[in-house]
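Residue numbering for the sequence shown follows the numbering used here, beginning at 1 and increasing consecutively. Worksheet for the structure shown next.
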Amino acid sequence: MTVHFLTLLDIEKTQLKSLIQRAIALKQEYQKGNAPELLKNKTLAMIFDKSSTRTRVSFEAAMAQFGGHAIFLSPRDTQLGRGEPIEDSARVLSRMVDMIMIRTFEHDNLEKFAAHSSVPVINALTDMYHPCQLLADIQTYIEHRGDIAGKTVAWIGDGNNMCHSYINAARQFDFTLQIATPAGYEPNRDVMNAAGDCIKLSHDPSEAVCHADLVATDVWASMGQEEEQHIREQSFVGFQVNAELMKLAKPDALFMHCLPAHRGEEVTADIIDGPQSVVWDEAENRLHAQKALLEYLFNPTR
Ligand code: CP
Ligand code: NVA
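Rendered as structure tokens:
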């Protein structure tokens, strides 16, 4: 059976937890100089309709370290970019490669692609979700603080793709997510409703960070929303993660940001570059978490 990874809900809770443990183990092995060629001669196609540094490099490096190969595909160079139907592109690519990673705008298009692919499809970010980033974030939390179950996480800022994946992570990893967004920038209602008691929504950042073990944020204007940058800067006043706000969280609270970050907007430099920040580990863990993901999707019954 082909298992896709379009959201965090596509992998069952216990398997998701094992996957994170596997990521931690693969990282330790790699640091000792052990790089087993677990995907020798396998090929990953990577379709990017939006820019990327971490996602592209981490997937490409992961495939190289596993003895496989990755192909970068941009809409500028493919027939998909000239209007070849998604369904046809999915059928063709999945006859040639072993797995496909997609970063695009509409989540529906990712689902359409997956429906016509005979090989696993990975969501590398859509306007709705960014599940790969959450694998890295959870791995990072566990490495620094142990189990995240029962903990309190604060999401400050936009109710965007990252926020939606944090909501799904709260369900899958059993933590409480306290969200604060400006009015009009709340997360998707269906995503929130499905999470039930795992989440609390307010419009007050100081309420959201109360008792938080982890504080996370993201840019105020995501890719595709560049024209809204100015208006969003006005709407998000008061939603900056700064020293004053971090003081209201637990004293040992960690700070995360998926990056790229805008210092002076959603986060101040003293916080992102300060002792509570684990953003560089978080970025590095994209590599290790995705190695565990690739291995799992090639053999999901293991
Ligand atoms: N966090 C993240 O997905 O970064 P990139 O946009 O650089 O891939
Ligand atoms: N919310 C951001 C995440 C980037 C990794 C975006 O979609 O642009």
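Ideal Cβ positions, reconstructed from N, Cα and C, are used throughout, including at glycine.
| Asked | Found |
| --- | --- |
| With burial defined as no fewer than 16 other Cβ atoms inside 10 Å of the residue's Cβ, what is the status of His164: buried or exposed? | buried |
| In this structure, does DSSP put His69 in helix, strand or coil? | strand |
| Who pairs with Ala25 in a beta bridge, going by DSSP? | Paired residue(s): none; Ala25 is not in a bridge. |
| Tell me, please, which residues DSSP counts as bridged to Val219. | Paired residues: none, contrary to the question. |
| At a cut-off of 7 angstroms, is Arg54 close to the ligand CP when judged by its beta-carbon and the heavy atoms of the ligand? | yes |
| Starting from Asn193, trace the alpha helix (DSSP H) in both directions and tell me its first and last residue. | Arg189 to Ala195 |
| Can you check the region 227-300 for any alpha helix (DSSP H) of at least 4 residues that lies completely inside it and give the ranges in chain order? | 229-235, 243-246, 269-272 and 279-298 |
| Less than 7 angstroms between C-beta atoms, sequence neighbours within five positions excluded: which residues of the same chain meet that for Tyr309? | Residue 309 is absent from the model: the chain starts at 1 and stops at 302. |
| What are the partner residues of Thr140, as DSSP defines its beta bridges? | According to DSSP, Thr140 bridges with nothing at all. |
| Could you tell me whether any non-hydrogen atom of the ligand NAD is closer than 7 angstroms to the CB of Gln31? | Because the ligand NAD does not appear in the structure shown, any question about it cannot be addressed here, the ligands present being the ligand CP and the ligand NVA. |
| I'd like to confirm the pairing. Which residues does DSSP put opposite Lys200 in its beta bridges? | Gln178 |
| Would you check whether the ligand CP has a heavy atom nearer than 7 angstroms to the C-beta of Pro260? | yes |
| Given a cut-off of 8 angstroms, decide if Asp218 and Gly157 are closer than it, judged by their beta-carbon atoms. | yes |
| State the DSSP-derived secondary structure class of Thr43, mapped to helix, strand or coil. | strand |
| Rounded to a whole number of angstroms, what is the C-alpha to C-alpha distance between Lys40 and Asn299? | 14 angstroms |
| Since I believe Phe173 is in contact with Arg103 (beta carbons under 8 angstroms), could you give me their beta-carbon distance rounded to a whole number of angstroms? | Contact doesn't hold; Cβ gap of about 24 angstroms is too wide. |
| Expressed to the nearest angstrom, what Euclidean distance is found between the alpha-carbon atoms of Gly196 and Gln240? | 27 angstroms |
| Comparing C-alpha positions only, which one of Leu177, Gln15 and Asn168 sits nearest to Asp190? | Asn168 |
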